[in-house]
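K.L.:
Protein chains in written order, with the working numbering: chain A, 892 to 1008; chain B, 892 to 1008.
Virtual Cβ for every residue (Gly too), placed ideally from N, Cα, C.
Below are the structure tokens for one structure; questions will follow.
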DNA sequence: ACCTTATTTCGTTATCTGGCGAAATATAGC
DNA sequence: GCTATATTTCGCCAGATAACGAAATAAGGT
């Protein structure tokens, strides 16, 4: 029961749904998500810890960055069902589509670090 | 997006998951759920309004009682997916099983009204 | 009309949540 | 070791949430 409510709580915030749908496209570091969501890095970090705690995403350190990715079917009993449902509900959502488009255009090395604009 | 988060918020409380799983068994009036959940009737009523607002359940007045039931596939785009997932996650949960057993034993006319114990 | 039972609405309270900025931690390059 | 960048943790605040009891509303039986 606890497991289930933890997952649904994790899914009950629009910014966290945006994160999951972005991670469906590719692995992302925190600063990329900060850029797209327009939230403070501390806020995004907290959202990520909630999603990680629900076993929906995993983090992998890579140099100075932490790459986040969706859990795989092996790693989570629920991820497949969850993402299927999110696709069904959100694949055509304006904001989700916008995020996805922005993702294809942006590059981590432009967003993070030197070019701060 | 709003629709999705409304549904996941509705699903993020253990008492509301218990309600949905109970309604999977049969239609119930508020006082039956009050009895099983051991919550104040005002609290249960509020939970029901949250589930109704997410289009997961419907209410039907019947004499002095209000019967609640799960939405049908015709009435909700999401109910089928949601309940399939809850079954998967909770069908063997101790509390859910306990609620289900209690449901088969109890009778509305014993719970509501005269026999208040 | 009156009383009982069922349910909802209202007002209150304690706790949880999402947001921020600042400070702490970690890594890379000089 | 120092600096810059990336991320997390901490402390705070405003608004949401779950709980309760009491009052209001609805419907049935006498």
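Look at the alpha carbon of residue 1007 of chain A and the alpha carbon of residue 932 of chain A, and state the distance between them as a whole number of angstroms.
P.N.:
Within the first chain, residue 1007 of chain A is the residue found at index 116, counting from 1. Within the first chain, residue 932 of chain A is the residue found at index 41, counting from 1. Because residue 1007 of chain A carries a pLDDT of 36, less than 50, the predicted location of this residue cannot be relied on, and the following value inherits that uncertainty. For residue 1007 of chain A and residue 932 of chain A, the distance between alpha carbons rounds to 14 Å.
K.L.:
Between residue 905 of chain B and chain A, is the shortest Cβ-Cβ distance under 8 Å, so that the two count as touching?
P.N.:
Against the second chain, residue 905 of chain B aligns to sequence position 14. Yes - at least one Cβ of chain A is within 8 Å of the one on residue 905 of chain B.
K.L.:
Beta carbon of residue 999 of chain B, beta carbon of residue 923 of chain B: below 8 Å?
P.N.:
Within the second chain, the letter at position 108 stands for residue 999 of chain B. Within the second chain, the letter at position 32 stands for residue 923 of chain B. A Cβ-Cβ contact shorter than 8 Å links residue 999 of chain B with residue 923 of chain B.
K.L.:
Run through DSSP, which three-state label would residue 944 of chain B get?
P.N.:
Within the second chain, the letter at position 53 stands for residue 944 of chain B. DSSP places residue 944 of chain B in helix when its eight states are reduced to three.
K.L.:
To be precise: take each residue of the stretch 958-971 of chain A, compare its Cβ to all Cβ atoms of chain B, and keep it if any distance is under 9 Å. Which residues remain?
P.N.:
Hits within the stretch, in order: 968 and 969.
K.L.:
Using the DSSP secondary-structure output, state which residues sit across from residue 848 of chain A in a beta bridge.
P.N.:
Since the first residue shown for chain A is 892 and the last is 1008, residue 848 of chain A is missing from the structure and cannot be characterised.
K.L.:
In or out: residue 962 of chain A buried (at least 16 other Cβ within 10 Å) or exposed?
P.N.:
Residue 962 of chain A sits at position 71 when you count from the first residue of the first chain. Residue 962 of chain A should be labelled buried.
K.L.:
Would residue 986 of chain B be called buried (16 or more neighbouring beta carbons within 10 Å of its own) or exposed?
P.N.:
As a first step, residue 986 of chain B is located in the second chain; it is residue number 95 there, counting from the start. Result: exposed.
K.L.:
Between A/974, A/952, A/897 and A/902, which has its C-alpha nearest residue 920 of chain A's C-alpha?
P.N.:
As a first step, residue 920 of chain A is located in the first chain; it is residue number 29 there, counting from the start. Checking every option, the nearest Cα to that of residue 920 of chain A belongs to A/952.
K.L.:
Should residue 909 of chain B go down as buried or exposed, given a rule of 16 or more other Cβ atoms within 10 Å for buried?
P.N.:
Locating residue 909 of chain B in the second chain gives position 18, where the first residue counts as 1. By the 10 Å Cβ count, residue 909 of chain B comes out buried.
K.L.:
Over the uninterrupted alpha helix (DSSP H) stretch that includes residue 999 of chain B, give me the two end residues.
P.N.:
As a first step, residue 999 of chain B is located in the second chain; it is residue number 108 there, counting from the start. It spans 999-1002 - the alpha helix (DSSP H) in which residue 999 of chain B sits, taken as one unbroken run.
K.L.:
Starting from the beta carbon of residue 978 of chain B, find every residue of chain A whose beta carbon is closer than 8 Å, and list them in chain order.
P.N.:
What you label residue 978 of chain B is simply residue 87 of the second chain in a count that begins at 1. What residue 978 of chain B touches in chain A: nothing, since even the nearest Cβ is about 11 Å away.
K.L.:
Check whether the Cβ of residue 937 of chain A lies closer than 8 Å to any Cβ atom in chain B.
P.N.:
Residue 937 of chain A sits at position 46 when you count from the first residue of the first chain. Output row for residue 937 of chain A: interface = no.
K.L.:
Answer with buried or exposed for residue 929 of chain B, where buried requires no fewer than 16 other C-beta atoms within 10 angstroms of its C-beta.
P.N.:
Residue mapping note: residue 929 of chain B aligns to position 38 of the second chain, counting from 1. Under this definition residue 929 of chain B is an exposed residue.
K.L.:
Helix, strand or coil: which one does DSSP assign to residue 919 of chain A?
P.N.:
Numbered from 1 along the first chain, position 28 holds the residue referred to as residue 919 of chain A. The answer is strand: DSSP assigns residue 919 of chain A an E or B state.
K.L.:
Any idea if residue 1030 of chain A is buried or exposed, counting beta-carbon neighbours within 10 angstroms, 16 or more meaning buried?
P.N.:
Past the edges of chain A, shown from 892 to 1008, lies residue 1030 of chain A, and the structure says nothing about it.
K.L.:
Name, please, each residue of chain A whose Cβ falls closer than 9 Å to the Cβ of residue 908 of chain B.
P.N.:
The residue given as residue 908 of chain B occupies position 17 in the second chain. Under the 9 Å cutoff, chain A gives 892, 895, 896 and 899.
K.L.:
Within the 8 Å Cβ cut-off, does residue 984 of chain B reach chain A?
P.N.:
Reading the second chain from its first residue, position 93 is the one you call residue 984 of chain B. Cβ-Cβ to chain A under 8 Å: yes for residue 984 of chain B.
K.L.:
Classify residue 901 of chain B as buried or exposed, calling it buried when 16 or more other Cβ atoms lie within 10 Å of its own Cβ.
P.N.:
On the second chain, position 10 is the one that residue 901 of chain B refers to. In the assembly as shown, residue 901 of chain B is a buried residue. Its beta-carbon has 16 or more other beta-carbons within 10 Å.
K.L.:
Using a Cβ cut-off of 7 Å, pull out every chain A residue sitting near residue 902 of chain B, in sequence order please.
P.N.:
The residue you call residue 902 of chain B lines up with position 11 of the second chain. At a beta-carbon threshold of 7 Å, the residues of chain A lying near residue 902 of chain B are 899, ordered along the chain.
K.L.:
Below 7 Å CB to CB, which residues in the same chain sit around residue 935 of chain A once its five sequence neighbours on both sides are set aside?
P.N.:
Within the first chain, residue 935 of chain A is the residue found at index 44, counting from 1. Cβ neighbours of residue 935 of chain A beyond the five flanking positions: 921, 924, 925 and 928.
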